[in-house]
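The structure appears below as structure tokens.
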Amino acid sequence: MKRRAAASPLAALGQLLTALVLFALLGAGPAAALEPVKISREDTALDLTKTTEIYTGRGEAFQVSTAPGTDGIVRRIEVRSSSEQHRGDWAVFALANVSEEQLERVIVAPHFRLVNSKLFWPDLGSQRILGITPSEGFALDRQPSEEADVFRITLNPGSVITFVAELASPDLPQIYLWEPDAYKDTVNAFTLYRGIVLGIAGLLAVFLTILFVVKGTSMLPATAALAWAVLAYICVDFGFISKLISVTADDERIWRAGTEVFLAAGLVVFLFTYLNLNRWHQHLSYATLAWVLGLGLLFGVAVYDPAIAAGIARLSFALTGTVGLILIIYLGFSRYDRAILLVPAWALILVWLFGAWLTVTGQLANDIVQPALGGGLVLIVLLIGFTVMQHAFAGGAYQLGLFSDMERQSLALTGSGDTVWDWDVARDRIVTMPDVSAQLGLAPGTMHGPARNWLPRLHPDDRDRFRATLDVLLEHRRGRLNHEFRIRAEDGHYHWLAIRARPVLAATGEIIRCVGTIADITEQRNSVERLLNNAVTDNLTGLPNRQVFLDRLQAILALAPTSNTIRPTVLVIDIDRYKAVNDQLGIAAGDNILIALTRRLRRLLRPQDTLARLGGDQFGLILMSEREPGKVADFADAVSKAIMVPLSFGAKEINLTASIGLVSWVDQQENAAGLLNDAELAMFRAKKQGGNRVEPFRPAFRTSGTDRLQLEAELRRAIERKELSMAYQPIVRLADAEIAGFEALMRWDHPKRGTISPSEFIPIAENSELINQLGLFALEQATTDLAEWQLSTGALPIFVSVNLSSAQLLSNELYDDLRAIIAKNRCDPSRIKMELTESVVMENPEQARLVLTKLKEAGLTLALDDFGTGYSSLSYLTRFPFDTIKIDKALVKDPSDKRAVLLRNVVSMARELDMQVVAEGIETEEDAQQLAQMGCDYGQSYLFGPPIGAESIGRLLKERFPLMKRA
């Protein structure tokens, strides 16, 4: 009975173990038992990746069979998830301590591993293991690490332990078992290496940036950007970014993708900038810009899906390497120096890309390949930096003058742009580099060959000279070839070429070669011809200019005493009102008029006569074909009539007249300049008489001209000596004969000649710059006198009229000068009336309108003087802001029956336009009464008083307005 009792428990235990074994063998559980990895004391590092089993999608509770223990029993354990990040993925591995000592080890699972990370949708790293539960004992403790999941374990002698790892993702690129000290030494070694690489990369980036600031060439910023991209990539890949800022595993994926995109874009920009691809084809610029913009968009994609951004960036690396290789080969064969200099650096880039491809595809899987690739990037940037510096500072020796005479001559020839001309005398063959045939529009090589082949294309006048020059050079065996000639191009035009060459002598003294340069000097020769032509002719009409005219006249005068048949007559022709026509119709129309007049005058000449353009609208004529005074006069009339024939310009007909002065040679002592000056004096007298006339010279004209110059000089001194003064002529109201204002008139009290009339010195001032000074003096003095009158007699209801010249009206300073003068003398602007004639306004109507509008806005009143003469355009009354019309005395004194009708209409029109009317030149009381009845406001003439001085005006005002001061 005891045996049975004892046997029964043993039988039951055997049956239970048999059932468990069968259950395990049949796979009834969720996971099977696994083989343990044996560990001895000598094993410092074991790769557990291949022996680790991965189970995906097993939920929060995971059951697994342990590895058989030392007793051979397979146990069943269940592990539950301990983290919310767990997604049901598990890893299982077993370790067996076969030594007789207790072993300390660390389990290491790196967050990111470039090996086998894939080209498309790469694994950019993340936390791998959330926790590890052993089959015996407590859960493992996590060790602090920013780059890997590290857990420390202890294995007892002879123990077999199964470990269940709770995974954060189904991917576990690598899991290692390390001896703690060995792992620490390995980490320290890699840390030292990474520090060195990071330091070199940082120095490179800073150095290239400083170099860009100093040198400033376009390739340096692109290289600096590439260096900063490499530095950013290494900072992330070596884990340095986590030392700078706090990043999670997911953030690190974004940073890693971003730096890969940055690196890809930097490589594209560098390739484009260094090879200067925009110089080869504009489409390359567009393609590169699109490429870089596309990579730029990947920065945004990296935030949402780093894997896609990194995959496209890696594809961009491959494309950039391929395209760069093609471009370097093509441009290298085209002898582009930048492409040739880039060959070593790009070869290293291609090797790096090939190694990176082997790594990400898993074909290169050791632990040092990832840091080695990081160091390779720094080496690439270093080599690129040397290449860029070599090119950027190329020519430094030249800048210091460190080059040979041969190099200096070669550089000078290249810089001059001339063509090399090489004549092999022994073989009689001429070669030009580059081929001069292309410049002449000929087929390539046409001008290569014997020297005689050049002769048919040379200008007929240059052939013999060209042949003789070469023959003389060969005969004398010394000297140099310096020859200019014309050669016919394919289009039939001739080009001027210049050869500068020297002979090369053999040992025998014979010329074996002649080498030099040949240049196209067509433009230079044409420019010289134009300059020479412009020096003697007028470029508009083609007539001789003033200097040639004087030379010919002097030559004729030198022959005149030797022959009775030579009696020259000089005519100076000036077109009347040409400036007005030129201003109205434009410069082009004025030029066409001069050309037409030139043709007309040429038809009147004979071969011995000379016509020249002296300047502007002035022509000179040397008449040799006529000597009789009557015939000379007839010729001058013919010239005048030819000019008076109407000219048609567009839809307009232009009528011109001329003032002609002539002088005949009678004094054998007279020179050309004096004779021309006499003719000009006669022309000025004709113009002064109203133009459209022929005026023979008289000796008295010389005195007149001299007096005019003397008067101008004295007028300048009169301004400085204050010999000028103002007189004021009363303007009365016709309704009550009361003084309403005064017109300011300038007087010149000459110390020797007495009072000089304004009609004598004002025209002189208008023809010089003195008119502006006189105008400012008149304004200043008139406003000063008005202020003094008001100060002594009170606020008088009077105004002062001041005449305005055309030079003042066209001056940009008139408005400011008027405001300054009025403010200085504290005058009421409404008491100042500016008078302008119609001719002054006509010189520049648009400018006049702008200036008068500004004067009107400033408070001044405006009067249109001499109305009824000149152009008498009624449109001025509406276009310009006039307040007053001054009827000219010629219209007031008109003796015809139509006088009253005209005056009545003018006055009526002015009143309708709300303008005041001043009548000048009233001679009788009856005329004054009649104008008053017509509605004329004011009158001005000697009938009401002559111009008197300012002091007399002051006394007159006190008499006429005795109560104003008291009021």
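The numbering of the sequence shown is our numbering, which starts it at 38 and goes up by one. From the three backbone atoms N, C-alpha and C, an ideal C-beta is built for every residue, glycine too.
- Within the region 653–733, the beta strand (DSSP E) runs of at least 3 residues that lie entirely inside it are, in chain order, 655–660, 684–686, 689–691, 695–701 and 730–733.
- The criterion of a C-beta distance shorter than 8 Å is not satisfied by T921 and V944.
- Looking at the backbone, the Cα of P258 and that of C551 are separated by about 49 Å.
- The way I'd put it, the region 784–792 doesn't touch the region 822–833; fewer than three beta-carbon pairs between them come closer than 8 Å.
- Straight-line spacing of the CA atoms in T398 and L85 works out to 20 Å.
- For D853, the three-state secondary structure derived from DSSP is helix.
- One Cα belongs to R523, the other to D499, and the distance between them is close to 7 Å.
- Looking only at I417, L379 and V415, the smallest Cα-Cα distance to Q427 is reached by L379.
- In the same chain as V143, and ignoring 5 residues on each side of it, the C-beta atoms closer than 6 Å to its own belong to V187, R189, W215, P217 and Y220, in chain order.
- Pairing L648 with G657, the inter-Cα distance amounts to about 6 Å.
- Following the DSSP letters along the chain, one finds H513 inside the alpha helix (DSSP H) bounded by residues P497 to H513.
- For the pair W383 and I365, the CB atoms are nearer than the 8 Å cut-off.
- Going by DSSP, I271 is part of no beta strand (DSSP E) but of the alpha helix (DSSP H) stretching over M256 to D274.
- Rounded to whole angstroms, the separation of the alpha carbons of M470 and R504 is 22 Å.
- Here T554 is bridged, per DSSP, to V457 and R537.
- A distance below 8 Å separates the beta carbons of L782 and P795.
- By the CB criterion at 8 Å, L401 and G392 fall inside the cutoff.
- Considering only S842, L660, T578 and R916, the residue with the shortest C-alpha distance to T874 is S842.
- G727 and E717 have their C-alpha atoms roughly 16 Å apart.
- Between the alpha carbons of D374 and L577 lies a gap of roughly 53 Å.
- Taking the Cα positions, G516 is about 21 Å away from R466.
- In the assembly as shown, G454 is an exposed residue. Its beta-carbon has fewer than 16 other beta-carbons within 10 Å.
- For D620, the enclosing alpha helix (DSSP H) stretches over residues Y615 to L622.
- Shown here, T325 sits in a helix according to DSSP, grouped into three states.
- Boundaries of the alpha helix (DSSP H) harbouring Q591: R583 to L596, taken from the DSSP string.
- In its chain, beyond the 5 residues on either side, T635 have a beta carbon closer than 8 Å to the beta carbon of G579.
- Between the region 285–305 and the region 267–274 there are three or more inter-stretch CB-CB distances shorter than 8 Å, so the stretches are counted as touching.
- Linking D80 to E138 through their CA atoms gives a straight-line distance of about 13 Å.
- Residue range A987 to R997 is occupied by the alpha helix (DSSP H) that includes E996.
- With fewer than 16 other Cβ atoms inside 10 Å of its own Cβ, S77 counts as exposed.
- Taking 8 Å as the cut-off, the beta carbon of L590 is found closer than this to the beta carbon of I659.
- Straight-line spacing of the CA atoms in T260 and V418 works out to 8 Å.
- In this chain, W158 is not harboured by any beta strand (DSSP E), its DSSP state being neither H nor E.
- Contact check between the region 753–762 and the region 962–976: fewer than three CB pairs, one atom from each, fall below 8 Å, which does not count as touching.
- DSSP places H485 outside both helix and strand once states are collapsed to three, so it counts as coil.
- In this model, N601 and A538 are separated by some 58 Å (Cα to Cα).
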